[in-house]
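Residue numbers for the sequence shown follow this note's numbering, beginning at 3 and rising by one.
Built from N, CA and C at the ideal position, the CB exists for glycine as well.
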Amino acid sequence: MRLMDTAATKLRRSTARPAFARWLGTTNAVTNTFLSAGSIPDLINIAGGLPAPELYPAAEIAQIARKAIEAHPQDTLGYNPVEGLPELRDALAARFSTPHLHLGRENILITTSGMQGLDLLGKALLEEGGLIAGQFPTYLGAIDAWRPRYPTYRNLILQDPSFDPVGALTGAQFAYTVPNFSNPTGKLVGLQTRQALVDAAHATGTWLIEDDPYGGLHYDGVPLPRMIELSGGRSAGQRYDGPVVYMGTLSKEIAPGLRIGWVVAAPEMIKALTMAKQGSDMCTSGITQRIALGALEAGLIERLQPGLVGLYRERRDALCAALEEHLSEWFTFERPVGGMFVWAVARDRDFDTDRLLPLALKEKVCIAPSSVFDPSETNRWAMRLNFTLNPPERLDEGIRRLASAVRTLIGGG
Ligand code: PMP
């Protein structure tokens with residue numbers, strides 16, 4: 003058997019192998035670098051969007067998991083419906099319904115976390131070269147998810163006073179937004195702009211994606227209404243059938259290891275995404291779906307939230323103080339009111355954060371350069387810095403190390 007394997011391997015190696023798909027040549031392994039940076043000794047990772055691991059509710063999740071497996075062996079250990087467990091879909095429909103937004107099970111799809119929702123959206127909506135309107139810089143994972151379709155992009159410059167939402171959405175397959183504390187910029191989309199985008203989506207029929215992993219991480223001010231709620235107000239008591247596609251996840255408010263996310267949308271969209279999911283992973287893990295349901299029923303998100311918000315607010319302030327002290331000579335930034343990131347913009351537009359990254363890694367600090375958040379890769383003058391993973395003193399040390407890398411770059415080293 004072994005011999006045959008070896009012979010077969012030799013035979014294959016002596017001939018040219020079929021090429022990998024063309025889109026792989028357009029991608030990069032940056033996300034994997036961020037996710038695995040934690041295993042490099044003494045490296046301070048301020049690149050990834052990682053939660054504080056000390057806040058993972060390990061004991062409670064273990065207890066919920068044990069109970070779920072014992073009480074529901076078929077759900078947890080068997081295959082499930084592609085759309086997700088009916089009880090979890092019902093619980094999410096109830097959670098997101100408001101006096102203006104009426105949701106039922108048919109409005110909900112369970113996904114293998116938020117990333118899968120983005121992937122399915124590309125599969126269900128994009129032909130090769132399809133047009134996406136988006137806020138740029140934008141989430142790297144979304145750009146990655148849609149890469150195999152070679153999309154074209156149109157920039158939604160929401161803060162521009164002459165921004166014309168109808169013109170911006172017309173002709174696009176969908177518009178992609180992260181209204182709460184965008185990844186990477188940390189920016190909040192204001193109420194008026196939310197309303198204008200919803201109006202434009204209704205006027206043009208363009209799907210409006212509201213990707214909202216960070217909505218619960220709000221440090222100052224009052225949370226704004228979701229765009230799907232603003233859109234729901236138009237359906238006069240009917241089940242939601244509008245153009246907003248809302249995406250959520252448990253990754254930032256409970257734990258990313260659960261890989262549980264959801265899409266809330268018109269039944270027609272849920273059906274299309276379900277077809278795409280069937281050919282993707284067939285169904286999301288029943289164990290983690292049952293854990294998610296147990297966690298929602300136990301009010302775990304609500305109980306964890308004050309602790310998360312308190313810790314992250316302190317860390318945001320620590321990162322901003324460190325930036326002010328060590329980097330403000332070269333970079334400007336705005337203090338975000340929520341989320342996980344500060345977007346630092348170089349005062350000199352010729353500054354190149356792609357060139358800064360290897361020098362930063364030499365100093366044992368990892369940052370996310372702006373080019374990876376821009377489909378055209380032209381923005382090289384900024385970087386994304388995360389404040390949730392590290393305690394204040396590590397953040398300060400990380401920014402000191404980064405300042406040293408900046409000095410080396412400027413000095414031509
Ligand atoms: N959307 C955005 C904007 C994100 O920042 C993330 C996580 N970094 C996700 C979706 C997906 O996260 P997950 O797959 O862990 O739910």
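- Item | First and last residue of the uninterrupted beta strand (DSSP E) at valine 247 | Along the sequence shown, one-based indexing puts residue 247 at 245. Counted as a single uninterrupted DSSP element, the beta strand (DSSP E) harbouring valine 247 occupies residues 246-251.
- When we look at the beta-carbon of glycine 301 and count the other beta-carbons within 10 Å, is it buried (16 or more) or exposed? As a position in the sequence shown, residue 301 is number 299, starting the count at 1. Exposed.
- CB-CB length for proline 371 against threonine 355, believed under 8 Å: Here residue 371 is taken as the residue at index 369 of the sequence shown, counted from 1. Here residue 355 is taken as the residue at index 353 of the sequence shown, counted from 1. Confirmed, about 4 Å.
- Check whether the Cβ atoms of phenylalanine 168 and alanine 205 lie closer than 7 Å to each other. Taking the sequence shown and counting its residues from 1, the one referred to as residue 168 is at position 166. Taking the sequence shown and counting its residues from 1, the one referred to as residue 205 is at position 203. Contrary to the premise, residue 168 reads as valine rather than phenylalanine in this sequence. Yes. Within cutoff.
- Check each candidate in Val246, Gln118 and Gly413 and name the one with the smallest Cα separation from aspartate 146. On the sequence shown, position 144 is the one that residue 146 refers to. For aspartate 146, the nearest C-alpha among the options comes from Gln118.
- Item | threonine 100 beta carbon less than 7 Å from that of glutamate 304 | What you label residue 304 is simply residue 302 of the sequence shown in a count that begins at 1. What you label residue 100 is simply residue 98 of the sequence shown in a count that begins at 1. In this structure, threonine 100 does not lie closer than 7 Å to glutamate 304 by Cβ.
- Query: What is the DSSP secondary structure of tryptophan 148, counted as helix, strand or coil?
  - Reply: Residue numbering aside, residue 148 sits at position 146 when the sequence shown is read from its first letter. In the displayed model, tryptophan 148 falls within a helix according to three-state DSSP.
- Message: Once DSSP output is grouped into helix, strand and coil, what is the label at arginine 382?
- Response: Residue numbering aside, residue 382 sits at position 380 when the sequence shown is read from its first letter. Arginine 382 falls in the coil class under three-state DSSP.
- Taking only heavy atoms of the ligand PMP into account, decide whether any of them is closer than 6 Å to the Cβ of glycine 263. Indexing the sequence shown from 1 puts residue 263 at position 261. Glycine 263 has its CB nearer than 6 Å to a heavy atom of the ligand PMP.
- beta strand (DSSP E) segments (min. 3 residues) lying fully within the stretch 300-355: Listed in chain order, they are 333-335 and 343-348.
- Query: Just how far apart, CA to CA, sit proline 150 and aspartate 166?
  - Reply: By one-based count along the sequence shown, residue 150 stands at place 148. By one-based count along the sequence shown, residue 166 stands at place 164. Their backbone Cα atoms lie some 30 Å apart in a straight line.
- Measure the C-alpha to C-alpha separation of glycine 340 and proline 308 and round it to an integer number of angstroms. Locating residue 340 in the sequence shown gives position 338, counting from the first residue. Locating residue 308 in the sequence shown gives position 306, counting from the first residue. Just so you know, the alpha carbons of glycine 340 and proline 308 end up roughly 13 Å apart.
- Measuring CB to CB, does glycine 263 end up less than 7 Å from isoleucine 46? For the purposes of this step, residue 263 is identified with residue 261 of the sequence shown, where counting begins at 1. For the purposes of this step, residue 46 is identified with residue 44 of the sequence shown, where counting begins at 1. No; because the gap between Cβ atoms is not below 7 Å, this pair is not in contact.
- the ligand GDP heavy atoms versus the CB of valine 180: any closer than 6 Å? Because the ligand GDP does not appear in the structure shown, any question about it cannot be addressed here, the ligands present being the ligand PMP.
- Query: With proline 186 and phenylalanine 343 assumed to form a contact (beta carbons below 8 Å), what rounded beta-carbon distance in angstroms separates them?
  - Reply: Counted from its first residue, the sequence shown places residue 186 at position 184. Counted from its first residue, the sequence shown places residue 343 at position 341. Between phenylalanine 343 and proline 186 the Cβ distance is about 6 Å, and since that is below 8 Å, they are a contact.
- Message: With distance defined between alpha-carbon atoms, name the residue in Ser41, Phe22, Ala18 and Leu26 nearest to cysteine 368.
- Response: Mapped onto the sequence shown, residue 368 falls at position 366. Measuring C-alpha to C-alpha distances from cysteine 368 to each of Ser41, Phe22, Ala18 and Leu26 identifies Ser41 as the nearest.
- Query: Sorted by chain position, which residues of the same chain lie with C-beta nearer than 8 Å to glycine 192's C-beta, five sequence neighbours on each side aside?
  - Reply: Counting from one through the sequence shown, the residue named residue 192 turns up at place 190. The residues are Leu226.
- Query: Residues in its own chain within less than 8 Å of phenylalanine 22 by CB, not counting five upstream and five downstream?
  - Reply: On the sequence shown, position 20 is the one that residue 22 refers to. Non-local C-beta neighbours of phenylalanine 22 in its own chain, meaning closer than 8 Å and more than five positions away in sequence, are absent.
- Task: List the DSSP bridge partners of leucine 171.
- Result: Mapped onto the sequence shown, residue 171 falls at position 169. Per DSSP, leucine 171 has no beta-bridge partner at all.
- Query: Contact check, tryptophan 345 vs phenylalanine 335 under 8 Å by CB: the rounded distance?
  - Reply: Walking along the sequence shown from the start, residue 345 turns up at place 343. Walking along the sequence shown from the start, residue 335 turns up at place 333. Taking the Cβ atoms as the reference, tryptophan 345 lies roughly 6 Å from phenylalanine 335, within the contact range of under 8 Å.
- Considering only C-alpha positions, which residue in the set Pro181, Glu255 and Arg292 is nearest to valine 246? Counting from one through the sequence shown, the residue named residue 246 turns up at place 244. Here the closest residue by C-alpha is Pro181.
- Task: Return helix, strand or coil for arginine 402, following the three-state DSSP convention.
- Result: Stepping through the sequence shown from its first residue, residue 402 is reached at position 400. Assigned with DSSP and collapsed to three states, arginine 402 falls in helix.
- Query: Below 7 Å between beta carbons: does that hold for threonine 2 and leucine 158?
  - Reply: Limits of the chain in this structure are 3 at one end and 415 at the other, which puts residue 2 out of reach.
- Query: Mapping DSSP to helix, strand and coil, what is leucine 133?
  - Reply: For the purposes of this step, residue 133 is identified with residue 131 of the sequence shown, where counting begins at 1. Per DSSP, reduced to three states, the secondary structure at leucine 133 is strand.
- Message: Once DSSP output is grouped into helix, strand and coil, what is the label at isoleucine 262?
- Response: Indexing the sequence shown from 1 puts residue 262 at position 260. The answer is coil: DSSP assigns isoleucine 262 none of H, G, I, E or B.
- Item | Through-space distance from glutamate 62 to alanine 96, alpha-carbon basis | In the sequence shown, residue 96 corresponds to position 94, counting from 1. In the sequence shown, residue 62 corresponds to position 60, counting from 1. In a straight line, the C-alpha of alanine 96 is about 23 Å away from that of glutamate 62.
- Task: State the Cα-Cα distance for the pair alanine 294 and leucine 306, rounded to the nearest angstrom.
- Result: Numbered from 1 along the sequence shown, position 292 holds the residue referred to as residue 294. Numbered from 1 along the sequence shown, position 304 holds the residue referred to as residue 306. Going by the C-alpha atoms only, they are around 14 Å apart.
- the ligand PMP heavy atom lying under 6 Å from the CB of glycine 413: Reading the sequence shown from its first residue, position 411 is the one you call residue 413. Taking non-hydrogen atoms of the ligand PMP into account, the C-beta of glycine 413 is found less than 6 Å away from none of them.
- Does DSSP classify valine 84 as helix, strand or coil? Residue numbering aside, residue 84 sits at position 82 when the sequence shown is read from its first letter. DSSP places valine 84 outside both helix and strand once states are collapsed to three, so it counts as coil.
- leucine 111 beta carbon less than 7 Å from that of glutamine 2: With the chain represented from 3 up to 415, any question about residue 2 goes unanswered, as that position is not in the structure.
- For threonine 140, name the three-state secondary structure that DSSP assigns. By 1-based counting over the sequence shown, the position of residue 140 is 138. Coil.
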